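Notes follow the structure.
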Amino acid sequence: MDLLSATDWLRHRPGYTYPLAVAFVGLTFLLRLAASDYLSGFPFLSFLPAILLASFIGGAGPGFVAAILAAFIVQQFFVEPHDIFWPISAGQWVGLSTYLVNAVIIIGLMEMIIIAHDRQSRLRDELNSFNTRLEQTVIQRTAELRHEMEENAAAQAQVRQLQKMETIGQLTGGVAHDFNNMLAIIIGNLDLAQRRMSGNEDPRLPHSIQNAKDGAQRAAVLTARLLAFSRQQPLAPEVLDLNKLVGGMSELLRRTLGEQIRIETVLAGGLWPSFADLSQLENAILNLAVNARDAMPGGGHLTIETANTELDERYSRMHSEVEAGQYVMISMTDTGTGMSPEVIERAFDPFYTTKGPGKGTGLGLSQVYGYIKQSGGHIKIYSEIDRGTTVKIYLPRRVGATDARLNAAGAQPIPQGSVNDTILVVEDDENVRIMTAESLHELGYTVLQAASGMEALLVLEENRDVDLIFTDIVMPQMSGRQLADIVQEKWPSIRILYTTGYTRNAIVHNGVLDPGVSLLAKPFSLEQLAHKIRELLNVSARVEDERT
Numbered sequence: 001m002d003l004l005s006a007t008d009w010l011r012h013r014p015g016y017t018y019p020l021a022v023a024f025v026g027l028t029f030l031l032r033l034a035a036s037d038y039l040s041g042f043p044f045l046s047f048l049p050a051i052l053l054a055s056f057i058g059g060a061g062p063g064f065v066a067a068i069l070a071a072f073i074v075q076q077f078f079v080e081p082h083d084i085f086w087p088i089s090a091g092q093w094v095g096l097s098t099y100l101v102n103a104v105i106i107i108g109l110m111e112m113i114i115i116a117h118d119r120q121s122r123l124r125d126e127l128n129s130f131n132t133r134l135e136q137t138v139i140q141r142t143a144e145l146r147h148e149m150e151e152n153a154a155a156q157a158q159v160r161q162l163q164k165m166e167t168i169g170q171l172t173g174g175v176a177h178d179f180n181n182m183l184a185i186i187i188g189n190l191d192l193a194q195r196r197m198s199g200n201e202d203p204r205l206p207h208s209i210q211n212a213k214d215g216a217q218r219a220a221v222l223t224a225r226l227l228a229f230s231r232q233q234p235l236a237p238e239v240l241d242l243n244k245l246v247g248g249m250s251e252l253l254r255r256t257l258g259e260q261i262r263i264e265t266v267l268a269g270g271l272w273p274s275f276a277d278l279s280q281l282e283n284a285i286l287n288l289a290v291n292a293r294d295a296m297p298g299g300g301h302l303t304i305e306t307a308n309t310e311l312d313e314r315y316s317r318m319h320s321e322v323e324a325g326q327y328v329m330i331s332m333t334d335t336g337t338g339m340s341p342e343v344i345e346r347a348f349d350p351f352y353t354t355k356g357p358g359k360g361t362g363l364g365l366s367q368v369y370g371y372i373k374q375s376g377g378h379i380k381i382y383s384e385i386d387r388g389t390t391v392k393i394y395l396p397r398r399v400g401a402t403d404a405r406l407n408a409a410g411a412q413p414i415p416q417g418s419v420n421d422t423i424l425v426v427e428d429d430e431n432v433r434i435m436t437a438e439s440l441h442e443l444g445y446t447v448l449q450a451a452s453g454m455e456a457l458l459v460l461e462e463n464r465d466v467d468l469i470f471t472d473i474v475m476p477q478m479s480g481r482q483l484a485d486i487v488q489e490k491w492p493s494i495r496i497l498y499t500t501g502y503t504r505n506a507i508v509h510n511g512v513l514d515p516g517v518s519l520l521a522k523p524f525s526l527e528q529l530a531h532k533i534r535e536l537l538n539v540s541a542r543v544e545d546e547r548t
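Structure follows, in structure tokens:
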């Protein structure tokens, strides 16, 4: 088969094989003439090798040419009488017939060998082609599997990160809940002490009380960030135009970041509306802007960009907590020092900070992370050392009405109450209840107290002139929501104001306040309490006027 393979190129060129067949017969004739003294009889046998070679080199065609030419030469030169073409005796016919049969057998065998060789060559080529395709398929599939493994590894890392964040969130949420009750007592009593000063005290006393209030307020901010990270802050989302929001915050950001930071906004045309808590989103943008400023100590460039985008199924597989769909994106890019992959991995962990002692709590990014996740969105950091950082916030697209409220209320004086307005304070923590009641007395209201939901119902049966119930949500035996449901059924004119240190499903579902629910989160100041109570009582008065 190796010889056949070596002569394949010649077999496909008839212009060479037929002359070679003639040459083989001619060479055999010359050799026969030269060896005539040594060879006698069976002249046809001398030419069978030439037929074999001609069939081997060129196949059946050159083989038959060689066989016919050889028969003619033998009849002309080696069979007596010479110069005749046809045999004249039976023996000559037998010899010629035997020669022709052998020639046909040789040519047929060689043709079968050649056909088998060609088939084998074709099969070998097909096998090689199949092996090539198989290797390419294996390489391609291996690359796909490697890519899928990388995606799975990334997804598993995301799941581990989410589990870690969820565990930390549960811990921080519990800490914030208890801490908020303590802060409510501290802030409330400091407000009362400040209001009750006569002016004859030690002149250092107001300053000391104010310092204590500032420290308590900073602690309240920290607990608010803990609740944001643990996704337990109550949200009041509304339809937002992020272009208007970013444009409206530009001046605030310029004042906050300073003249060394150049701010550029790139606002997308036809931006989709989103649905989010306005104040929390403003805090998130401000947090990210301050982080960008700190990453550019020598000054730099901050670009805030908005865009419509879609996160597809592939991205969702790589980030298991992300739901595929349409999102509105806010991107903030700085030209600062950047972050290493190790820092990016821990960037959203609470209390993790790369700043020096006393320069950061490590709760800024964790608060942003918790808020975005609670809003059903996604946040991603892209960064390179010494080249800058990009933080992208994705908020779900809102389909529907696009009217948004972006007004910020200015500072207003503390509204005073009236003894004609009766408020029932329901709180199982005695210290918080007493502090709240004293604050409301200080504002001028008539105040009743109850330590539980059942006790509150008894108080209401004896005092039908209660205008508003200020109740904690989490209480033993009967929750604030259960109490409110009973009150609304029996005394529908009474307004309900909830308070809590962290959210519960009683009034908050999926992190969003139920429609028509009013909430004052702990810890609250005297000013916040006064405004909220007055707001609800004014609404109640308007409703009553409309009825009459």
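First residue of the sequence shown: 1, per full-length UniProt numbering; consecutive thereafter.
Just so it is clear, CB atoms sit at the ideal spot from N, CA and C, and this is done for glycine as well.
Since we're looking at a predicted model, the values are computed, not measured.
**Message:** Beta-carbon within less than 6 Å of Val25's beta-carbon, same chain only, minus the 5 sequence neighbours each way: which residues are those?
**Reply:** Taken in chain order, the residues that qualify are Ala50, Ala66, Leu69 and Ala70.
**Request:** In angstroms with no decimal places, state the Cα-to-Cα distance between Asp372 and Thr500.
**Result:** Per the sequence presented here, residue 372 reads as Ile, with Asp not at that position. Approximately 22 Å, taken between the alpha carbons.
**Item:** Segment limits, alpha helix (DSSP H) that includes Phe470
**Value:** For Phe470, no alpha helix (DSSP H) segment is defined; the enclosing uninterrupted segment is the beta strand (DSSP E) at Leu468 to Asp472.
**Asked** At what residue ranges does the stretch 415-474 contain a whole run of the beta strand (DSSP E), taking only runs of 3 or more?
**Response** Complete beta strand (DSSP E) runs here, min 3: 422-426, 446-450 and 468-472.
**Item:** Those residues which DSSP pairs with Met329 across a bridge
**Value:** In the DSSP assignment, Met329 is bridged to Ala307 and Tyr394.
**Item:** Residues that Ser274 bridges to, as DSSP identifies them
**Value:** Answer is Leu240 and Arg397.
**Request:** State the start and end residues of the unbroken alpha helix (DSSP H) segment that holds Thr500.
**Result:** Here Thr500 belongs to no alpha helix (DSSP H); instead the beta strand (DSSP E) covers Arg495 to Thr500.
**Message:** Based on DSSP bridge pairs, tell me the residues matched to Phe302.
**Reply:** It is worth fixing the name first, because residue 302 is Leu in this sequence and not Phe. Paired residues: Ile263 and Asp334.
**Closest Cα partner of Val59 within the set Val474, Pro14, Ala268 and Trp86** = It is worth fixing the name first, because residue 59 is Gly in this sequence and not Val. Closest by alpha carbon: Pro14.
**Request:** State the Cα-Cα distance for the pair Gly188 and Tyr445, rounded to the nearest angstrom.
**Result:** Their backbone Cα atoms lie some 16 Å apart in a straight line.
**Request:** Go to Ser383, then tell me how far its alpha helix (DSSP H) extends in each direction, as first and last residue.
**Result:** Counting along the chain, Ser383 falls outside any alpha helix (DSSP H), though it belongs to the beta strand (DSSP E) covering His378 to Glu384.
**Message:** Within 10 Å of its beta-carbon, does Ser418 have 16 or more other beta-carbons around it, so buried, or fewer, so exposed?
**Reply:** Counting C-beta atoms within 10 angstroms of its own C-beta, Ser418 has fewer than 16 neighbours from the protein chains shown and is therefore classed as exposed.
**Prompt:** Excluding the five sequence neighbours on either side, which residues of its own chain have a C-beta within less than 6 Å of the C-beta of Asn510, listed in chain order?
**Reply:** Only weak support exists for where Asn510 lies, its pLDDT of 45 falling under 50; the value from the coordinates is given anyway. Same-chain partners within the cutoff: there are none.
**Request:** Say whether the stretch 107-127 touches the stretch 272-279, bearing in mind that this needs 3 or more beta-carbon pairs closer than 8 Å, one atom from each stretch.
**Result:** Between the stretch 107-127 and the stretch 272-279 there are fewer than three inter-stretch CB-CB distances shorter than 8 Å, so the stretches are not counted as touching.
**Asked** Counting along the chain, where does the beta strand (DSSP E) carrying Ala347 start and finish?
**Response** No beta strand (DSSP E) holds Ala347; DSSP gives it neither H nor E.
**Item:** Inter-residue Cα distance where the pair is His441 and Val447
**Value:** Just so you know, the alpha carbons of His441 and Val447 end up roughly 7 Å apart.
**Request:** For Trp491, count neighbouring Cβ atoms within 10 angstroms of its own Cβ and tell me buried if that reaches 16, exposed if not.
**Result:** Label assigned to Trp491: exposed.
**Message:** For Gln156 and Lys244, I'd like the C-alpha separation in whole angstroms.
**Reply:** Answer to the nearest angstrom: the Cα atoms are 38 Å apart.
**Prompt:** Can you tell which of Val239, Gly215 and Ala292 has the C-alpha that lies nearest to the C-alpha of residue 577?
**Reply:** The shown model of the chain, from 1 to 548, leaves out residue 577, and the question about it has no answer.
**Message:** Please return the same chain residues whose Cβ sits closer than 6 Å to the Cβ of Phe47, not counting the five positions on each side in sequence.
**Reply:** Contacts found: Thr28 and Ala70.
**For Thr142, the three-state DSSP class (helix, strand or coil)** = Helix, per DSSP.
**Closest residue to Glu305 among Leu497, Arg464 and Ile285 (Cα-Cα distance)** = Nearest option by C-alpha distance: Ile285.
**Message:** Residues in the same chain with beta-carbon distance under 6 Å from Leu365, minus the five sequence neighbours each way, listed in chain order, please.
**Reply:** For Leu365, where only same-chain residues beyond five positions count, the Cβ hits under 6 Å are Ala347 and Phe348.
**Asked** When DSSP builds the beta bridges, which residues end up paired with Ala521?
**Response** For Ala521, which the question treats as bridged, DSSP gives the partners Thr500.
**Euclidean distance between Cα positions of Met478 and Ala437** = So the two alpha carbons sit approximately 21 Å from each other.
**Message:** Just to confirm, is the Cβ distance from Ala54 to Leu109 under 9 Å?
**Reply:** For Ala54 and Leu109, no; Cβs fall outside 9 Å.
**Item:** Identity of the residue in Gln374, Gln416, Arg387 and Ile381 nearest Pro396 by Cα
**Value:** Considering only alpha carbons, the answer is Gln374.
**Asked** How many angstroms separate the CA atom of Tyr99 from the CA atom of Leu45?
**Response** Cα-Cα distance, rounded: 7 Å.
**Message:** Given a cut-off of 9 Å on the beta-carbon distance, is the pair Leu311 and Val322 in contact?
**Reply:** Yes, the Cβ-Cβ distance between Leu311 and Val322 is below 9 Å.
**Buried versus exposed call for Glu489 [16 or more other C-beta atoms within 10 Å across all chains shown]** = That one is exposed.
**Request:** Identify the continuous alpha helix (DSSP H) that holds Leu45 and give its terminal residues.
**Result:** Leu45 -> no alpha helix (DSSP H), and no H or E assigned at all.
**Asked** Looking at C-alpha atoms only, which residue of Leu242, Ile261 and Leu288 is the closest neighbour of Gly269?
**Response** Ranking Leu242, Ile261 and Leu288 by Cα distance to Gly269 puts Leu242 first.
**Asked** What span of residues does the alpha helix (DSSP H) with Ala71 cover, start to end?
**Response** Looking at the DSSP string, the run of the alpha helix (DSSP H) that includes Ala71 is Ala60 to Ile73.
**Request:** Take every Cβ of the stretch 289-303, pair it with every Cβ of the stretch 330-345, and state whether three or more of those distances are shorter than 8 Å.
**Result:** Three or more pairs of CB atoms, one per stretch, sit closer than 8 Å, so the stretch 289-303 contacts the stretch 330-345.
**Asked** Could you give the distance in angstroms between the alpha-carbon of Val343 and the alpha-carbon of Ser208?
**Response** C-alpha separation (whole angstroms): 40 Å.
**Request:** List the endpoints of the continuous alpha helix (DSSP H) containing Gly482.
**Result:** This sequence places Gln at residue 482; Gly is not what is there. In the DSSP annotation of this structure, the continuous segment of the alpha helix (DSSP H) that includes Gln482 starts and ends at Gly480 to Lys490.
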